[in-house]
Amino acid sequence: MTAPARLLQAILTRPDLMASFRPLPVLTIVMLPALALLIWLGSWQLDRRAWKIELLADYAATAEAEPISLDQGLCAGRAEIGRRVVPPAADPEADTVRVSGRNAQGVPGWRLFRPVRACDGAQLVLMETGFEGLETATRADDGALTETDAFTQLRFETPLGQGPFTPPANADANEFYAFDAQAFAEVLNVEAARLNDQYWLALSDGAPPAYLTQTPPERHLAYAITWFAMMLALLAVYFAYHIQAGRLTWRG
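Numbering (the working numbering), first residue to last: 46 to 297.
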């Protein structure tokens with residue numbers, strides 16, 4: 046039987062024992078920051094879980110509200126991410142921009158957007174009108190864009206932003222990976238200053254957007270449990286080493 050096991054057996058059978066602990070200075074100095082980091086990471090994930098639950102609840106409340114018109118949303122300041130919009134009239138002859146994305150079934154391809162007028166024409170808002178899967182994609186200049194998704198609910202959504210790993214756009218092929226007012230304006234033959242960059246109208250099946258569902262609250266809880274388990278394992282190793290070295294003992 047190892048020394049830690051013998052000591053544990055003695056502690057369990059002799060509750061009157063008194064502990065004597067002489068911590069190893071270097072090991073303790075190294076262990077304390079690691080312990081603090083693991084506690085912080087676990088607590089941070091619990092905070093993230095609570096924050097994500099609140100976000101999902103807020104989105105659900107917004108998504109269940111009655112649809113509003115485009116002008117009510119943008120001109121009267123009632124637009125919110127997830128709020129349903131009464132489909133505005135779109136010019137079927139208007140040019141289309143293609144933005145990388147996925148449809149409701151997770152198929153990769155191009156989301157199709159056309160500009161619609163808002164606030165008496167003072168603004169133009171991109172409205173999603175369909176989807177083009179990669180396997181059926183055609184160049185924008187051949188006039189054969191295929192709209193494969195049914196036009197269902199429309200919701201206010203934040204346009205895709207540029208990130209450090211966002212691929213470069215190919216304006217000649219009408220292939221974009223993030224919102225770019227100037228490039229979109231050139232493809233659509235409109236003024237860039239009129240394009241609303243706060244919202245666009247996205248087709249929706251009613252499910253929360255990917256940024257809310259990619260890491261659900263349950264996963265944050267699992268991450269927190271992992272960090273706290275690592276903290277307990279670190280403490281177990283720390284005290285086991287001291288027991289083995291004879292620096293943590295119990296005397297009766």
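Glycine residues also receive a C-beta, built at the ideal position from the N, C-alpha and C atoms.
Note that the structure is predicted; figures quoted are calculated from it, not measured.
On the DSSP letters alone, give me the boundaries of the alpha helix (DSSP H) that residue i sits inside.
{"i": "Arg-162", "result": "From DSSP, Arg-162 is part of no alpha helix (DSSP H) but of the beta strand (DSSP E) over 153 to 163."}
{"i": "Arg-94", "result": "70 to 108"}
{"i": "Gly-146", "result": "Not the alpha helix (DSSP H): Gly-146 falls in the beta strand (DSSP E), residues 142 to 147."}
{"i": "Thr-258", "result": "255 to 258"}
{"i": "Gln-117", "result": "115 to 119"}
Where does residue i fall in DSSP's three states?
{"i": "Glu-173", "result": "strand"}
{"i": "Thr-294", "result": "strand"}
{"i": "Ala-247", "result": "strand"}
{"i": "Gly-45", "result": "It is not possible to answer for residue 45, since the shown part of the chain is limited to 46 through 297."}
{"i": "Phe-229", "result": "helix"}
{"i": "Glu-236", "result": "coil"}
{"i": "Glu-263", "result": "helix"}
{"i": "Gln-4", "result": "Lying before the first or after the last residue shown, residue 4 is absent from the chain, which here runs from 46 to 297."}
{"i": "Val-282", "result": "helix"}
{"i": "Ile-126", "result": "coil"}
{"i": "Phe-221", "result": "strand"}
{"i": "Phe-314", "result": "Absent from the structure is residue 314, since the part of the chain shown begins at 46 and ends at 297."}
{"i": "Gln-289", "result": "helix"}
{"i": "Thr-191", "result": "Caution is warranted here: a pLDDT of 45 is assigned to Thr-191, below 50, making its placement in the model unreliable, and the coordinate value is therefore given only provisionally. Three-state DSSP puts Thr-191 in coil, outside helix and strand."}
Round the Cβ separation of residue i and residue j to the nearest angstrom and send it over; I've been treating them as touching at under 8 Å.
{"i": "Phe-66", "j": "Leu-293", "result": "5 Å"}
{"i": "Ala-216", "j": "Val-232", "result": "6 Å"}
{"i": "Pro-153", "j": "Arg-129", "result": "Between Arg-129 and Pro-153 the Cβ distance is about 26 Å, and since that is not below 8 Å, they are no contact."}
{"i": "Leu-246", "j": "Leu-205", "result": "Not a contact, Cβ separation roughly 14 Å."}
{"i": "Pro-126", "j": "Thr-174", "result": "Note that residue 126 is Ile in the sequence shown, not Pro. Ile-126 to Thr-174, Cβ: 20 Å. No contact."}
{"i": "Ala-134", "j": "Pro-160", "result": "The Cβ separation is near 12 Å, so there is no contact."}
{"i": "Asp-242", "j": "Ala-230", "result": "The pair is not a contact, with the Cβ atoms about 11 Å apart (cut-off 8 Å)."}
{"i": "Tyr-222", "j": "Ala-214", "result": "6 Å"}
{"i": "Arg-94", "j": "Leu-266", "result": "5 Å"}
{"i": "Leu-91", "j": "Met-275", "result": "At roughly 15 Å, the Cβ-Cβ gap does not stay under 8 Å, so Leu-91 and Met-275 are not in contact."}
What's the C-alpha gap between residue i and residue j?
{"i": "Thr-271", "j": "Trp-96", "result": "19 Å"}
{"i": "Thr-255", "j": "Val-144", "result": "The residue you asked about is not Thr; residue 255 is Ala in the sequence shown. Approximately 16 Å, taken between the alpha carbons."}
{"i": "Gln-150", "j": "Gly-122", "result": "32 Å"}
{"i": "Phe-201", "j": "Ala-238", "result": "20 Å"}
{"i": "His-287", "j": "Gly-208", "result": "48 Å"}
{"i": "Gly-87", "j": "Thr-73", "result": "21 Å"}
{"i": "Ala-220", "j": "Thr-107", "result": "According to the sequence provided, residue 220 is Glu. The question's Ala does not apply to it. Approximately 31 Å, taken between the alpha carbons."}
{"i": "Ala-218", "j": "Val-170", "result": "22 Å"}
{"i": "Leu-100", "j": "Leu-257", "result": "8 Å"}
{"i": "Gly-178", "j": "Trp-155", "result": "6 Å"}
{"i": "Met-172", "j": "Trp-89", "result": "37 Å"}
{"i": "Asp-116", "j": "Leu-157", "result": "22 Å"}
{"i": "Asn-148", "j": "Thr-260", "result": "19 Å"}
{"i": "Met-76", "j": "Phe-284", "result": "11 Å"}
{"i": "Tyr-268", "j": "Ala-110", "result": "33 Å"}
{"i": "Ala-79", "j": "Pro-132", "result": "54 Å"}
Could you tell me whether any Cβ in chain C is nearer than 8 Å to the Cβ of residue i?
{"i": "Cys-120", "result": "Judged by its chain identifiers, the structure shown contains no chain C, having just a single protein chain."}
From what residue to what residue does the beta strand (DSSP E) around residue i run?
{"i": "Gln-198", "result": "198 to 202"}
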